[in-house]
Amino acid sequence: MFDHITIQLLMGQLLIGLINGSFYAMLALGLAIIFGLMHVVNFAHGALYMLGAFVALILLNSFGVPYWGALMIAPIVVGAFGIVMERLILKPIQELDHLYSLLATFAAVLIIEGLMRLQFGASGLPYRSPLPGGVNLGFMFLPWYRAWVLVFSLIVCVAVWYLIEKTKLGAYLRAANERSEIVESFGINVPLMKSLTYGLGVALAALGGVLAAPIYQVSPSMGSNLMIVIFAVVVIGGMGSIIGAILTGYLIGIVEGLTKVFYPEGSHLAIFVIMILALILRPQGLFSAAEKSR
Amino acid sequence: MTRYVLFAALGIAALAAPFQVYPILLMTILCFVVFAASFNLLLGFAGLLCFGHAMFFGTAAYIAGWLLKNTAITIELAFLAATLAMAVLGYLVGLISARRGGIQFAMITFAIAQFIYFLLLRAPFTGGEDGMQGIPRSALFGVINVSSSFTLYYLILAITVLAIAAVYRIVHSPFGEVLRAIRDNEARVDSLGFNPVQFKILAITLSAGLAGLAGAMKATVFQIATLHDVSWHVSGTIIFMTLLGGLGTLAGPVVGAALVVVLHDYLAHFGEWALIIQGSVFLAVILFMRQGIVGAAKALYRRVVVRS
Numbered sequence: 002m003f004d005h006i007t008i009q010l011l012m013g014q015l016l017i018g019l020i021n022g023s024f025y026a027m028l029a030l031g032l033a034i035i036f037g038l039m040h041v042v043n044f045a046h047g048a049l050y051m052l053g054a055f056v057a058l059i060l061l062n063s064f065g066v067p068y069w070g071a072l073m074i075a076p077i078v079v080g081a082f083g084i085v086m087e088r089l090i091l092k093p094i095q096e097l098d099h100l101y102s103l104l105a106t107f108a109a110v111l112i113i114e115g116l117m118r119l120q121f122g123a124s125g126l127p128y129r130s131p132l133p134g135g136v137n138l139g140f141m142f143l144p145w146y147r148a149w150v151l152v153f154s155l156i157v158c159v160a161v162w163y164l165i166e167k168t169k170l171g172a173y174l175r176a177a178n179e180r181s182e183i184v185e186s187f188g189i190n191v192p193l194m195k196s197l198t199y200g201l202g203v204a205l206a207a208l209g210g211v212l213a214a215p216i217y218q219v220s221p222s223m224g225s226n227l228m229i230v231i232f233a234v235v236v237i238g239g240m241g242s243i244i245g246a247i248l249t250g251y252l253i254g255i256v257e258g259l260t261k262v263f264y265p266e267g268s269h270l271a272i273f274v275i276m277i278l279a280l281i282l283r284p285q286g287l288f289s290a291a292e293k294s295r
Numbered sequence: 456m457t458r459y460v461l462f463a464a465l466g467i468a469a470l471a472a473p474f475q476v477y478p479i480l481l482m483t484i485l486c487f488v489v490f491a492a493s494f495n496l497l498l499g500f501a502g503l504l505c506f507g508h509a510m511f512f513g514t515a516a517y518i519a520g521w522l523l524k525n526t527a528i529t530i531e532l533a534f535l536a537a538t539l540a541m542a543v544l545g546y547l548v549g550l551i552s553a554r555r556g557g558i559q560f561a562m563i564t565f566a567i568a569q570f571i572y573f574l575l576l577r578a579p580f581t582g583g584e585d586g587m588q589g590i591p592r593s594a595l596f597g598v599i600n601v602s603s604s605f606t607l608y609y610l611i612l613a614i615t616v617l618a619i620a621a622v623y624r625i626v627h628s629p630f631g632e633v634l635r636a637i638r639d640n641e642a643r644v645d646s647l648g649f650n651p652v653q654f655k656i657l658a659i660t661l662s663a664g665l666a667g668l669a670g671a672m673k674a675t676v677f678q679i680a681t682l683h684d685v686s687w688h689v690s691g692t693i694i695f696m697t698l699l700g701g702l703g704t705l706a707g708p709v710v711g712a713a714l715v716v717v718l719h720d721y722l723a724h725f726g727e728w729a730l731i732i733q734g735s736v737f738l739a740v741i742l743f744m745r746q747g748i749v750g751a752a753k754a755l756y757r758r759v760v761v762r763s
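As they're listed, the protein sequences go chains A and B.
When you read off a place in the first sequence, starting at 1, and then add 1, the result is the number in our numbering.
When you read off a place in the second sequence, starting at 1, and then add 455, the result is the number in our numbering.
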């Protein structure tokens, strides 16, 4: 029954899966940072990813700033927007049940998506690839841009993991969110650390958005479609586990690519089947054993 | 005393309403009242945020719709079948998710709801993006004709009253007491010898069944079942309704559902603004009025009474 499967198809889908996985990993990483450190489930993550793509588009069309500039500017702009959001809607309710922060970010999605649709319409807008052309790998044609996304996102994931787990700033961020009174008594500005945490996670989402702009079309709903998969990734990987988020992101991308080869109809369902299996067999998350248990 | 006067006035208003107001709008409100009441049972009384409650609502609409279209089943049996089917689905969801508290429960139910959404998108009988159309309003008990919106309204009203009464009974039963205790202090309930997970699973089962009843009713009101009813937008709307009305109060879902349905109806001409306004009101409720309208009214009433 698998007669149609050729090595070209298999390798091609594997590569596409890895590229999708890069986006899953980057977004799940940001979500895991925000959840692991602040205990906020940032439902607006997809919307902020979408904002990143739109900022890149606006920079190009209205200011003539090319892709490489947008790659730097968009995360800063959207990250700053995220910090404002954190101060306005998350800080006032940080002492309450975490359900309220989930709902507050959900409400923010309605507003952000609604405003963007009002301004730009619901249909997708194209963003010209900054790296046209590609290379023939023998089994498939690999566009340069996709190769760039693959390499760059991997570097970003490793760098952020290093920042959080191995540097002094990362230690401050983790400590400020875990034992805020003690850290405050050392003279560290805890509210600033929380804002920075959220800003960092949001900037990652925006960076993902800029990377996605030339591959997928830029549209107001691009974020919520992706968000659904990212939620499943975070549940599978173990909530708040940084390394778990990265690995599960790539894993899910690959599995999705492979199901497209073997059982195309089920490629979207595969993620959720894995999630349900993971919940039954390893309810604490696939990679959470490596993390310190809370 | 005032309470009985209030109930009597509300009852007369509900009976007289379809003479004045478009019955479809009234029935939409009633369907969402039942749906919001089922959601409130979970979040307001058991402290469980089901972030994918639309899966029960929308799936039930398909089940009731399919039964009414393809079999000679009567309308009340279609409602019953959809309710029971969703109770079973709720039980399964509970088995997977009830061990996880708080935020994890929300994310898991969200993801399961998306799973159901994709299943229904692929399923051959749902009509995919077009939805299932032309669902008949079969006769009640096989004899009473409810095909006009005017008569159907009274059936929906009667079922809604029964459903609210059922929620009242559940909440004021020993089982309801245990649920509230779990919400407030799960560890203590566990130490008293109750198994919180089993109580939660039962709560999810009951709530899912009620949400299914609401969805089945909506399928006969609009005579169509669509994927939108299973989407996370509807899951979000039901949270908004319940929160706006007042969590953990019996009147809250009624007030919230009525307000939001009327708001949607009114804002339908404003396109994207509808979403933006809904999001802004939602945010304002979360930030400034978490007790909801009914909760705020109760607090105000208490303050006035205590002062005078």
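Note that CB positions come from ideal geometry on N, CA and C, so glycine has one too.
The model shown is predicted, which means the values in this text are computed figures rather than measured ones.
Item                                                                                                                                                                          : Value
Just how far apart, CA to CA, sit B:G667 and A:Y128?                                                                                                                          : 44 Å
Can you name, in chain order, every residue of its own chain whose Cβ lies under 7 Å from the Cβ of A:R295, other than the five neighbours on each side?                      : Only weak support is given to the placement of A:R295: the predicted model assigns it a pLDDT of 38, under 50, and the value that follows is read from those uncertain coordinates. Contacts found: none.
Can at least three beta-carbon pairs, one atom from the stretch 86-104 of chain A and one from the stretch 196-207 of chain A, be found at a separation below 8 Å?            : yes
So with Cβ pairs under 8 Å, would you call B:M562 a contact of chain A?                                                                                                       : yes
At what residues does the alpha helix (DSSP H) containing B:F453 begin and finish?                                                                                            : Beyond the ends of chain B as shown, which are 456 and 763, falls residue 453 of chain B; an answer cannot be given.
Tell me whether A:E114 is buried or exposed, calling it buried when 16 or more other Cβ atoms sit within 10 Å of its Cβ.                                                      : buried
Excluding five sequence neighbours on each side, which residues of the same chain lie with their C-beta closer than 8 Å to the C-beta of A:T166?                              : Reading the sequence as shown, one finds Glu at residue 166 of chain A and not Thr. Same-chain partners within the cutoff: I243.
Applying the criterion that 16 or more other CB atoms from any shown protein chain within 10 Å of the CB defines a buried residue, is A:N62 buried or exposed?                : exposed
Determine, using beta-carbon pairs with one atom in the stretch 202-219 of chain A and one in the stretch 45-55 of chain A, whether at least three such pairs fall under 8 Å. : yes
Answer yes or no: do B:V488 and B:A712 have a C-beta to C-beta separation smaller than 8 Å?                                                                                   : yes
Comparing the C-beta of B:S735 with each C-beta of chain C, is any distance below 8 Å?                                                                                        : In the displayed structure, chain C is absent; the protein chains listed are A and B.
Answer with buried or exposed for A:V234, where buried requires no fewer than 16 other C-beta atoms within 10 angstroms of its C-beta.                                        : buried
Assuming B:G670 contacts B:A537 under a Cβ cut-off of 8 Å, what Cβ separation, rounded to an integer in Å, is found between them?                                             : 7 Å
Using the C-alpha atoms, what's the distance from B:P708 back to B:G700?                                                                                                      : 5 Å
To the nearest angstrom, report how far apart B:T729 and B:Q588 are at their CA atoms.                                                                                        : Per the sequence shown, residue 729 of chain B should be read as Ala rather than Thr. For B:A729 and B:Q588, the distance between alpha carbons rounds to 26 Å.
Where A:M223 and A:P67 are concerned, what is the direct C-alpha to C-alpha distance, given to the nearest angstrom?                                                          : 21 Å
Give the straight-line distance between the Cα atoms of A:K293 and A:Q95, rounded to the nearest whole angstrom.                                                              : With a pLDDT of 41 at A:K293, under the threshold of 50, the modelled position of that residue is not reliable, and the figure given next carries that caveat. Approximately 24 Å between the Cα atoms of the pair.
B:T697 and B:G499 look like a contact to me (Cβ under 8 Å); what is the Cβ gap, rounded to whole Å?                                                                           : 7 Å
B:G747 versus chain A: which residues are under 8 Å apart at the beta carbon?                                                                                                 : The contacting residues do not exist; B:G747 stays about 13 Å from chain A at best.
What whole-angstrom Cβ distance do B:I656 and A:L103 have, given they're in contact under 8 Å?                                                                                : Wrong, their Cβ atoms sit about 22 Å apart, outside the cutoff.
Tell me whether the beta-carbon of A:Q9 lies closer than 8 Å to the beta-carbon of A:L126.                                                                                    : no
Looking at the structure shown, is B:I528 part of a helix, part of a strand, or coil, going by DSSP?                                                                          : coil
From the DSSP output, in three-state form, read off A:P76 for me.                                                                                                             : helix
What's the gap between the Cα of B:E727 and the Cα of A:L72?                                                                                                                  : 29 Å
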